[in-house]
Amino acid sequence: MFGEKKLRQIADKALNFSTAEETEVLLFVGSNSLTRFANNQIHQNVAWHDLGISIRVVNDKRIGVASINTFDDMSLKKLVNKAIELAKLQKPDKHFVSLPKPKKIPKVKNEVYEAKEEELAKNVYLVIKKAKSNHLTASGAYANDTSEIAVANSHGVWAYHAGSSCNLSTIILGRSSSGFAADVARNVKDIDAEKVAMIAIKKTLDSAQPEDIEPGEYEVILEPQAVSEMLAFFQWYGPNARIYHEQASCLSEKMGKRVFGKNITIIDDPFHPEIFPMPFDYEGQPKKTMAIVEKGILKNIAYDSYYAKRYKTKNTGHALPAPNTMGPIPLHLYIKPGNKTRKEMIKSVKRGLLVTRLWYVRVLNPKTLNVTGMTRDATFLIENGKIVKPVKNLRFNQSIPEALNNVVSIENKLMRLASFEGELVNLMPTLHIKKWQFSSGTLF
Amino acid sequence: MRMLKLAEQILSKVPKVEYADVRIVEQSTEDIATKDGIVEALHSGQSLGYNVRVLHKEVWGFAASNDFSNKGIDATIKKAMEIANSSAKYKTTNVTLDSQKPITVSYKTPIKEDPFKVPLEEKLDLLLKADKAQKVSPKVVITQSSYQANREKKYFVSTLGSKIEQEIVWTGAGIEASAVSGAEFQNRSYPNSFRGQNQTRGFELVRELELEKHGGRVAKEAVDLLTADLCPSGEFDLILDSNQLALQIHESCGHAVELDRVLGYEASYAGTSFLTPEKLFTFQYGSPIVNLTADATIPGGLGTFGYDDEGVPAKRTYLVKKGIFQDYITSRETSVELQKINPKYKKKSNGTVRASSWSRLPMIRMTNINLEPGGEEGTGKAWTLDELIADTKYGIFMSTNRSWSIDDKRYNFQFGTEIGWEIRNGKLGRMLKNPTYQGITPQFWNSCDAICGRREWTVWGTPNCGKGQPSQVMYTGHGASPSRFRKVKVGVVQW
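So the sequences go chain by chain: A and B. Numbers given in my numbering equal positions in the first sequence, counted from 1, plus 34. Numbers given in my numbering equal positions in the second sequence, counted from 1, plus 139.
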């Protein structure tokens, strides 16, 4: 940990070295450890520390960005000069107005926990022990990341945040099946390794000896992990100002119009107590809670300073690090919960599939947000409201907007989910979707 | 030389262990991206750091840092030892490495023109001209060009006595036009989608690509696709262009033969593989003309290097010979493990272990995984694409990847391409939009009945191969020429 004071000194130094009209400094310090296990043993145990500084300079609408992973004076001077040199050779960007001005950043507690190797290894061993006692094989990873992010610019922007995450995920393998479970928290003590192990073990045991099933259109119950894997693509390709204005988004030209079913409300909430808070974006602009879709109506999309100025609207605080060719992205999504329990949702299905996870989801067409992918780690057939048997995995080809227009019911609680690593966390409920298109099967 | 000495100094501080190695890595990158005539990204990056890997009490410990002070080095070594000690408490098996000879050597990617020395103005000019050339119709709503150059200097020393200095340079560029009409959105890229062509070559590659010359054609095809007919659905003969076949090889062969994945070490993330050890030397992976190799020695291949990150020399290995599954891509540790499982296997590591940066643990990665061209030993006739089309009564020719997905054992795959053409009575006919095809890996490769010759064989670069936890993005290559597959399920998705 460098701490806010030290990072501010480094940022000020870099800003003072710059002779450009406008300068932005993005600082990152990270300390990470990861214990990975497979075949019921720890096979990879690693730790690494890194830091980085990225300088964006602007001269006469010409922008240059340079980055390096050292903070000494000579390197900082060189880095600033490199960015200036790049900007000099740039062509002016006629749409660029200026780097953002300072705005009040909401207060968020910096919560940092650095786990010891022994703590990670001990919990991993617990998962392995549980798997072994059920004659199963455990694999997975337990990661602990701590990070400090700071942004400064020559207009007086200063923003600093420190956080950490502990993320345990496991796939338990049986002879003919597998099951997944994960948990994420700020602190190791808030992760219940035994619970994670038991959820995955139950899925593995329940999905043993899966049977073939004909592909086709099915009603589906998507568990939160599957919903999150589906929504990730909406997150990147949907409410993104760049893609929206390029006419390439499934939401393009639909502001204020109905895009999903009336029961769908999607919120980006960087301050939600269950999602790791992040008070500002990578330009040091404040984040805020924002409804993207409210009762099926498109209400807002994500902007950074560039796209907000270009399209004469408000910056929503969704910038990624420069240079950003992806566009602004909302990173703290949740779907508003409904009023059913998962049991009730399953009970209401006449014939359908319970899908616990999706895998290798890829976009076929960004405009219609048609995606393909596979089911993974336990899929079940539901008949007359009951789970009757495990089935082999299936490939799907499905439009996400169509799926979100066919949501029958939403679970009454949300589950906190992490990406495989890092701090990207969202909250998802189970969804009951009327129609889901499966196009082929596989051999397991 | 100074860095190699520093690596030796770090290694000399490591307490006595079964084995240890130190890697110092210095990476430089340059990225330029244009969009609609504007330079959207102009970035120069540098990263320098080192790692210490120890085999202690027969388990691994690994720590990495960018702090080269004495205190920083001591702390990194201490961390690596602590990690090994904490893992050792819970170990159930012992890590054993194959035997290797110590090597003292230096290797440098042979390039004609250093991409970092070409004036930036010239690169910007080239890319902006290529961007502008795509403005052929108001329906072309996005025009893009991109360029990337990477230099990786690696200094490796080990307690075996190896001292290896390497400098790998790779360069890439490409263009992409997008056209929109109502709900219809179509892309065309050249020479390939997702960052163009990438090779371990210098700026000469970028010049050879002649991006500006292809800008107009690519954009016109994107516009034409807006009104093209949908790819029909059914079981048809399929000819894949080499740029699409490269990704097919990557997903359905390259990942499937990673021995760490096969042994379960990737189960928690990317999955396992259907190519289990008992299938070695007997399994009919493909038709008798299918010969797949892992070859890190091909000039210009994106997966070409001198020595892997365990100090093992780059090699050429047959993975599939005359259709029969022969080998995996392996490491010093997994090759020993495989010998225990399948005693018929007698080989040491075939040198495929790489890490994406100084902060990452080296792991098995694809090198250049290739479908050997037609007209060579056991690969059938050396077809030309024209002959192949003329020999096809009805089929679809597909080019340039648009989407890809495969299950976690590498059986069921689905690919979409940017463009397709119908083949009728040996002639290329109407353009087809949204082409897709689907299959099961061994069935698909067993349906391969014709492979074009070396003249049409290209080593395509895949610079974005993800694997591992923490995630690592690696640059890999795939040699391929257009090839035909009989009765493939085509047009599985209609939108």
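The beta carbon of each residue, even a glycine, is placed where N, CA and C say it ideally should be. This one's a predicted model, so the numbers in the text were calculated from it and none came from an experiment.
Strictly below 8 Å CB to CB, what residues from chain B border residue i?
{"i": "Leu68 (chain A)", "result": "Gln608, Pro609"}
{"i": "Ala18 (chain A)", "result": "Residue 18 (chain A) is absent from the model: chain A starts at 35 and stops at 478."}
Give the interface partners of residue i over in chain A, defined as CB-CB distance under 8 Å, in chain order.
{"i": "Gln577 (chain B)", "result": "Arg429, Ser473, Ser474"}
{"i": "Ser407 (chain B)", "result": "Arg70, Phe71, Ala72, Ser173, Gly174, Ala175, Ser203, Thr204, Ile205"}
{"i": "Leu419 (chain B)", "result": "None at all; the shortest Cβ gap to chain A is about 19 Å."}
{"i": "Ser544 (chain B)", "result": "Tyr394, Val395, Arg396, Thr406, Gly407, Met408, Arg429"}
{"i": "Trp199 (chain B)", "result": "His77, Gln78, Asn79"}
Count the other C-beta atoms from every protein chain shown that fall within 10 angstroms of the C-beta of residue i, then say buried if there are 16 or more, exposed otherwise.
{"i": "His129 (chain A)", "result": "exposed"}
{"i": "Gln633 (chain B)", "result": "exposed"}
{"i": "Pro134 (chain A)", "result": "buried"}
{"i": "Ser204 (chain B)", "result": "buried"}
{"i": "Ile235 (chain A)", "result": "buried"}
{"i": "Gln387 (chain B)", "result": "buried"}
{"i": "Gln43 (chain A)", "result": "exposed"}
{"i": "Arg141 (chain B)", "result": "exposed"}
{"i": "Ile480 (chain B)", "result": "exposed"}
{"i": "Tyr404 (chain B)", "result": "buried"}
{"i": "Lys39 (chain A)", "result": "exposed"}
{"i": "Asn603 (chain B)", "result": "exposed"}
Once the 5 residues before and after residue i are set aside, which same chain residues still bring their CB inside 8 Å of it?
{"i": "Leu414 (chain B)", "result": "Ala395, Val396, Val401, Phe422, Tyr424, Phe464, Tyr467, Arg549"}
{"i": "Ser167 (chain A)", "result": "none"}
Please state the DSSP three-state secondary structure of residue i.
{"i": "Cys392 (chain B)", "result": "helix"}
{"i": "Thr601 (chain B)", "result": "strand"}
{"i": "Leu133 (chain A)", "result": "coil"}
{"i": "Thr415 (chain B)", "result": "coil"}
{"i": "Gly250 (chain A)", "result": "strand"}
{"i": "Lys469 (chain A)", "result": "strand"}
{"i": "Asp107 (chain A)", "result": "helix"}
{"i": "Phe454 (chain A)", "result": "Here Phe454 (chain A) scores only 48 on pLDDT, less than 50, and its place in the model should not be relied on; the value that follows carries that caveat. Correct three-state label for Phe454 (chain A): coil."}
{"i": "Asn190 (chain B)", "result": "strand"}
{"i": "Met505 (chain B)", "result": "coil"}
{"i": "Asn585 (chain B)", "result": "helix"}
{"i": "Trp270 (chain A)", "result": "helix"}
{"i": "Ala325 (chain A)", "result": "strand"}
{"i": "Pro313 (chain A)", "result": "coil"}
How about residue i: is its Cβ closer than 7 Å to a heavy atom in the ligand ATP?
{"i": "Lys329 (chain A)", "result": "The ligand ATP is not among the ligands present in this structure, which contains no ligands whatsoever."}
Cutting at 6 Å between CB atoms, please list the residues of its own chain near residue i, excluding the five before and the five after it.
{"i": "Glu515 (chain B)", "result": "none"}
{"i": "Gln553 (chain B)", "result": "Ser544, Gln577"}
{"i": "Ser381 (chain B)", "result": "Thr597, Ala619, Ser620, Pro621"}
{"i": "Gly559 (chain B)", "result": "Cys370, Ile535, Met537, Leu571, Pro574"}
Keeping to the same chain, check which residues put their C-beta closer than 7 Å to that of residue i; ignore five residues upstream and five downstream.
{"i": "Gly534 (chain B)", "result": "Phe375, Asp376, Leu377, Ile378, Ile562"}
{"i": "Phe454 (chain A)", "result": "A caution first: Phe454 (chain A) carries a pLDDT of 48, below 50, which makes its placement in the model unreliable, though a value can still be read off. Correct list, in chain order: Ser203."}
{"i": "Tyr635 (chain B)", "result": "With chain B covering 140 to 634 only, the question about residue 635 (chain B) has no answer from this structure."}
{"i": "Leu154 (chain A)", "result": "Ser67, Thr69, Tyr176, Asn178"}
{"i": "Pro311 (chain A)", "result": "Val142, Pro304, Phe305"}
Under 7 Å Cβ-Cβ, which residues of chain A neighbour residue i?
{"i": "Tyr550 (chain B)", "result": "Thr476, Leu477"}
{"i": "Glu179 (chain B)", "result": "Pro357, Thr359"}
{"i": "Thr232 (chain B)", "result": "Gln75"}
{"i": "Lys218 (chain B)", "result": "Ala81"}
{"i": "Ser120 (chain B)", "result": "Any property of residue 120 (chain B) remains undetermined from this structure, which presents chain B solely from 140 to 634."}
{"i": "Phe324 (chain B)", "result": "Ala282, Asn399, Pro400, Lys401"}
{"i": "Gln553 (chain B)", "result": "Thr406, Arg429"}
{"i": "Tyr158 (chain B)", "result": "Correct list: empty, because the minimum Cβ distance to chain A is about 16 Å."}
In chain B, which residues lie with their C-beta within 9 Å of the C-beta of residue i?
{"i": "Arg209 (chain A)", "result": "The contacting residues do not exist; Arg209 (chain A) stays about 13 Å from chain B at best."}
{"i": "Gln243 (chain A)", "result": "What Gln243 (chain A) touches in chain B: nothing, since even the nearest Cβ is about 17 Å away."}
{"i": "Asp127 (chain A)", "result": "Ile177, Val178, Glu179"}
{"i": "Leu403 (chain A)", "result": "None at all; the shortest Cβ gap to chain B is about 10 Å."}
{"i": "Ala165 (chain A)", "result": "Correct list: empty, because the minimum Cβ distance to chain B is about 12 Å."}
{"i": "Ile44 (chain A)", "result": "In chain order: nothing, as chain B lies at least about 15 Å away."}
In the stretch 282-308 of chain A, which residue ranges form an unbroken beta strand (DSSP E) of at least 3 residues, counting only runs that do not cross its ends? Those beta strand (DSSP E) runs which fall completely within the stretch 282-308 of chain A and span 3+ residues are 300-302.
Which whole runs of the alpha helix (DSSP H) in the stretch 223-287 of chain B are 4 residues long or more, in chain order? Taking only runs of at least 4 residues, the alpha helix (DSSP H) segments lying wholly in the stretch 223-287 of chain B are 259-271.
Hey, which unbroken runs of the alpha helix (DSSP H) at 4 residues or more fall wholly within the stretch 207-256 of chain A? With a minimum length of 4 residues, the continuous alpha helix (DSSP H) runs that stay inside the stretch 207-256 of chain A are 227-240.
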